[in-house]
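As structure tokens, the structure follows; a few thoughts come after it.
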Amino acid sequence: MFTLNDIMDTHAFSLEHKEKDELYLQALSDLTKHHYARCSQYKRLLDLLGFVPDQFKRVEDIPFIPVRLFKKYDLLSVERSQVIKTMTSSGTTGQSVSKIFLDKDTSAYQTRVLTKLVSCFIGKKRLPMLVIDSRSAIKDRNLFSARGAGILGFSMFGYDIAYALDDQMQLDIPLIQAFIEKHKDEQVLLFGFTYMIWEHFYSVLKAAGIKLALNNGIIIHGGGWKKLVEQSVDNDTFKKSIFDISGIARIYNYYGMVEQTGSIFMECEAGYLHASIFSDILIRDHRDFSSLPAGKEGLMQLLSLLPLSYPGHSILSEDVGKILGEDNCPCGRKGKYFKIIGRIKNAEVRGCSDTYAAGA
Amino acid sequence: MLPAPDNRVQYLVGKSDGTLCVQPLVPYDELVCEFLNSLSAALLSDEAAKLYPDVISFAYWCRKANIARLKREFAETHIRLGLGMVFHITPSNVPINFAFSYAFSLLAGNANIVRAPTKDFPQTRVVCGAVSQLFAEEKYRKIADMTAFIKYAQDDEITSCFSARCNARIIWGGDQAINNIRRLAIPERSIEVAFADRYSLCVIDGNSILQADNETLNRLASSFYNDTYLMDQNACSSPNLIVWLGKGDGLTEAKERFWACIYHVTASKYELHPLNAVDKYMLVCENAIELNNITGFKRHGNYLYRIELNSLPDDMDALRGKYGYFYEYHAEDINSIAHIINTKYQTLTYFGVDKSQLLDFIVKNRLSGIDRIVPIGSALDISVIWDGYDIVKSLSRIIDFK
């Protein structure tokens, strides 16, 4: 049986296609068998879909489950008594949320892998850290929301952590100025969710005409572009705008989801998202779920070697993306690099349903 | 007086001074029939209308021969008049339904206020354009005075206002929508006709599939496609359950032959949206987890999903597929599925089955549901008899004369 310890000492972006493919076929087959034996719902659906967990010949034959399944069912591959944390996605009120059950091992793997991945971009040393969020986001430590978990997860890379927003989500400019003054000769780390940084940090500073002296800063941000796409803000605009008000040139986006915490996809210096040795992506044609080659847009299947306590090692997301290449990114890292096109759009549903309830 | 047009209510067709003549006509009044014939001719010669099959099928329904046939079939011995004013609330996601609803009620002799879909469908514009043009002619003035097509975003105040003045209210919509609207009162003497969520099934004789030649089968596949995929399998009369009749042996072959043809049609015609592909995959995962009566699952790409059941639960109507997702069941005798039929069931489509056998199934088993038995291909053909009502009769009153 594959264990993650087998590759914990391997460089996170070192495996070339052939090696990674062999590793993934073995590891994902093992994980599929593991969850098949332990999670009754997972077994039922593999049985109906006709998958036999011993007989995978290619990585693309490994079954995937729709990400929405975690919203509908409690999927566990461990006894409930083993669960030490339950992570939830950050749905708005009224929406159902994903529930992800973590035991000690999976939780520890998530932390170790995240540390390893992020240190490839910002180094191993802890940095003074400014969180672009309010402290209240991490208050409830039992039920881990994606937002709270993200902040706590990334807090490992910081010390002297300051929160840039107060409980009313107002930017605390004096606090930020003090933080900058205190650490003016050091490299500093800023972390936050893409939308929060744009809305509560950039927009406020821009409106107030304030420029910060953060030339030594690094930003890591994630959480999705949905709201920014609505405002026609793309990654380039984002980077340039942030640079203009802060002087920060090193801005890294990451793509990740609560269903696969830890094995995130980081944006490299060339501006592309990268799969590390801990995760991978496949692009699926929605017409038959066949696997598409680089350059073609399709539904993203996300693979992660971390999930042991819940069957989340192979998930069909609702994001559309495209693989740009493998092992040949100008940044020098091995593995696939890709681009997210966006969330799949809502379809127009035909049929004689709601006159009224849908508020049409 | 009706509420004047303001920023909430938009009058698509009808006089903007808010007056409406609510004096009824007799059913199948000659002027009304002539008006519908003219509307048919206008739409059939309209270049813009040709782009929309649903507009064309409405135009085709209004044509002279069809209206004349309906009038003959009406064969009423009583003297009747329309009820007065009918208020129609039509589905927001079916562009042409409002036009049918209007035509049915007009044939019954009523003045009509029709709430058209809020969304800006080109089909709505085409129909409203043709109607407005006819209303400009002096001879249709009487009908113009009895007609208003309106548009407004969901608003209880406006709905209440029209409801309080109507002699009949027609609601097309989901159960939730109907319940919401029912809370808004109509006058004591007024009636309500609600077309609620329904469930439909299809009965196919396996042997007949095996015996059909290729041409018949291809035509059947295309008919089945029109019944289902054309409306994302989301219309009340689109089947969710396919019941196969016949003895075991050739049945597997019959099924494969039938579905291979369906797949062929869908793969060339159906535009499967990525989100709907994910929805179907999600549903099969849910079914796998929740149902204990599944004996098989077959996938033809993502265009066609088939779930084979070895028993039908009493609440079968809770299992609904969309975008080409069917539950299949094999019954040697159709009477063995009588237990699932309840008032939710609307249309039974069939192929290769004796009609009288199907009629017996409903009548002899004293079933509370299934209002229509039509061949595969006619599931969506709406007309004055729908959901078990003769709409023209329901929307007119008898003058008892002795």
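The listed protein sequences derive, respectively, from chains A and B.
Going by the working numbering, the first residue of the first sequence is number 16, and it counts up by one from there.
Going by the working numbering, the first residue of the second sequence is number 645, and it counts up by one from there.
Just so it is clear, CB atoms sit at the ideal spot from N, CA and C, and this is done for glycine as well.
(Q) Can you tell me whether residue 732 of chain B is buried or exposed? The criterion is at least 16 other CB atoms within 10 Å of its CB, across all chains shown. (A) Reading the second sequence from its first residue, position 88 is the one you call residue 732 of chain B. Burial call: buried.
Q. CB-CB under 7 Å to residue 1006 of chain B, same chain, minus the five flanking residues each way: which ones, in chain order?
A. Position 362 of the second sequence, counted from the first residue, corresponds to residue 1006 of chain B. Around residue 1006 of chain B: 1014.
Q. For residue 1040 of chain B, which beta-bridge partners are listed by DSSP?
A. Against the second sequence, residue 1040 of chain B aligns to sequence position 396. B:726.
Q: State the start and end residues of the unbroken alpha helix (DSSP H) segment that holds residue 162 of chain A.
A: Here residue 162 of chain A refers to the residue found at position 147 when the first sequence is read from its first residue. Taken as a continuous stretch (DSSP letters only), the alpha helix (DSSP H) holding residue 162 of chain A covers 161-170.
Q | Whether residue 760 of chain B touches residue 742 of chain B by CB criterion (8 Å) | A | By 1-based counting over the second sequence, the position of residue 760 of chain B is 116. By 1-based counting over the second sequence, the position of residue 742 of chain B is 98. Going by C-beta atoms, residue 760 of chain B is nearer than 8 Å to residue 742 of chain B.
Q) What first and last residue would you give for the alpha helix (DSSP H) that runs through residue 62 of chain A? A) The residue labelled residue 62 of chain A in the question sits at position 47 within the first sequence. It spans 55-64 - the alpha helix (DSSP H) in which residue 62 of chain A sits, taken as one unbroken run.
Q) Under the rule that 16 or more other beta-carbon atoms within 10 Å means buried, what is residue 16 of chain A, buried or exposed? A) Reading the first sequence from its first residue, position 1 is the one you call residue 16 of chain A. Exposed, because fewer than 16 other Cβ atoms sit within 10 Å of the Cβ of residue 16 of chain A.
Q. Residue 1047 of chain B lies in the alpha helix (DSSP H); which residues open and close that run?
A. Because chain B here runs from 645 to 1046, residue 1047 of chain B falls outside it and cannot be looked at.
(Q) What residue range does the beta strand (DSSP E) around residue 875 of chain B cover? (A) The residue you call residue 875 of chain B lines up with position 231 of the second sequence. No beta strand (DSSP E) contains residue 875 of chain B, which DSSP labels as neither H nor E.
Q: Measure the alpha-carbon distance for residue 207 of chain A versus residue 972 of chain B and round it to whole angstroms.
A: Residue mapping note: residue 207 of chain A aligns to position 192 of the first sequence, counting from 1. Residue mapping note: residue 972 of chain B aligns to position 328 of the second sequence, counting from 1. Distance between the alpha carbons of residue 207 of chain A and residue 972 of chain B is about 50 Å.
Q: Starting from the beta carbon of residue 83 of chain A, find every residue of chain B whose beta carbon is closer than 8 Å, and list them in chain order.
A: Mapped onto the first sequence, residue 83 of chain A falls at position 68. The contacting residues are 922 and 926.
Q | Three-state secondary structure assigned by DSSP to residue 351 of chain A | A | By one-based count along the first sequence, residue 351 of chain A stands at place 336. In the structure shown, residue 351 of chain A sits in a strand (DSSP, three-state: E or B).
Q) Of the residues that make up the segment 1029-1040 of chain B, which ones have a beta carbon closer than 7 Å to any beta carbon in chain A? A) none
Q) By Cβ distance, which residues of its chain are closer than 6 Å to residue 341 of chain A, with the 5 residues on each side in sequence left out? A) Sequence index remark: in the first sequence, residue 341 of chain A carries index 326 (1-based). Excluding the 5 residues flanking it on each side, residue 341 of chain A has same chain C-beta neighbours closer than 6 Å at 32 and 351, in chain order.
(Q) Between residue 353 of chain A and chain B, is any beta-carbon pair separated by less than 8 Å? (A) Along the first sequence, one-based indexing puts residue 353 of chain A at 338. For residue 353 of chain A, the answer is no, since every Cβ of chain B falls outside 8 Å of its Cβ.
Q) Along the chain, which unbroken stretches of the alpha helix (DSSP H) at least 4 residues long are found entirely within the segment 876-929 of chain B? A) 892-913
Q) Closest Cβ-Cβ distance between residue 742 of chain B and chain A: below 8 Å? A) The sequence position of residue 742 of chain B within the second sequence is 98, counting from 1. With 8 Å as the cut-off, residue 742 of chain B does not count as an interface residue toward chain A.
Q. DSSP beta-bridge partners for residue 341 of chain A?
A. Numbered from 1 along the first sequence, position 326 holds the residue referred to as residue 341 of chain A. Note: residue 341 of chain A sits in a beta bridge opposite A:351.
Q: Would you decide whether residue 95 of chain A is buried or exposed? Buried here means 16 or more other CB atoms lie within 10 Å of its CB.
A: Walking along the first sequence from the start, residue 95 of chain A turns up at place 80. So residue 95 of chain A ends up on the exposed side.
**Q.** Buried or exposed (CB count within 10 angstroms, at least 16 for buried), residue 884 of chain B
**A.** Here residue 884 of chain B corresponds to residue number 240 of the second sequence, with the count starting at 1. The residue is buried, with at least 16 neighbouring Cβ atoms inside 10 Å.
Q. Does any CB atom of chain B fall closer than 8 Å to the CB of residue 157 of chain A?
A. On the first sequence, residue 157 of chain A is found 142 positions in, with the first residue counted as 1. Because residue 157 of chain A sits at a pLDDT of 44, beneath the cut-off of 50, its placement in the model cannot be relied upon, and the following sentence gives the value as read from the coordinates. The beta-carbon of residue 157 of chain A is placed no less than 8 Å from the nearest beta-carbon of chain B.
Q | chain B contacts from the segment 294-322 of chain A (Cβ-Cβ distance under 7 Å) | A | 301, 302, 303, 304 and 314
Q: Within the same chain, show all residues whose beta-carbon is closer than 6 Å to that of residue 306 of chain A, passing over the 5 residues directly before and after it, in chain order.
A: As a position in the first sequence, residue 306 of chain A is number 291, starting the count at 1. The answer, listed in chain order, is 75 and 297.
Q. Unbroken beta strand (DSSP E) runs of length 3 or more, entirely within the segment 748-789 of chain B: which are they?
A. 755-759
Q | Any C-beta of chain E under 8 Å from that of residue 747 of chain B | A | The structure shown contains no chain E; its protein chains are A and B.
Q. Cβ of residue 941 of chain B less than 8 Å from any chain A Cβ?
A. Counting from one through the second sequence, the residue named residue 941 of chain B turns up at place 297. Closer than 8 Å to some Cβ of chain A, the Cβ of residue 941 of chain B qualifies, so yes.
Q: Report yes or no: is there a C-beta of chain B within less than 8 Å of the C-beta of residue 369 of chain A?
A: For the purposes of this step, residue 369 of chain A is taken as the residue at position 354 of the first sequence. A caution first: residue 369 of chain A carries a pLDDT of 44, below 50, which makes its placement in the model too unreliable to give a value.
Q | Residue-level contact to chain A via CB, residue 883 of chain B, 8 Å cutoff | A | Residue 883 of chain B sits at position 239 when you count from the first residue of the second sequence. It does not: the Cβ of residue 883 of chain B has no partner Cβ on chain A nearer than 8 Å.
Q. Is residue 1028 of chain B closer than 8 Å to residue 679 of chain B when the C-beta atoms are compared?
A. Numbered from its first residue, the second sequence carries residue 679 of chain B at position 35. Numbered from its first residue, the second sequence carries residue 1028 of chain B at position 384. Contact: no.
Q: Say whether chain B places a C-beta atom closer than 8 Å to the C-beta of residue 268 of chain A.
A: As a first step, residue 268 of chain A must be located in the first sequence, where it is residue number 253. Taking a beta-carbon distance threshold of 8 Å, residue 268 of chain A does not count as an interface residue toward chain B.
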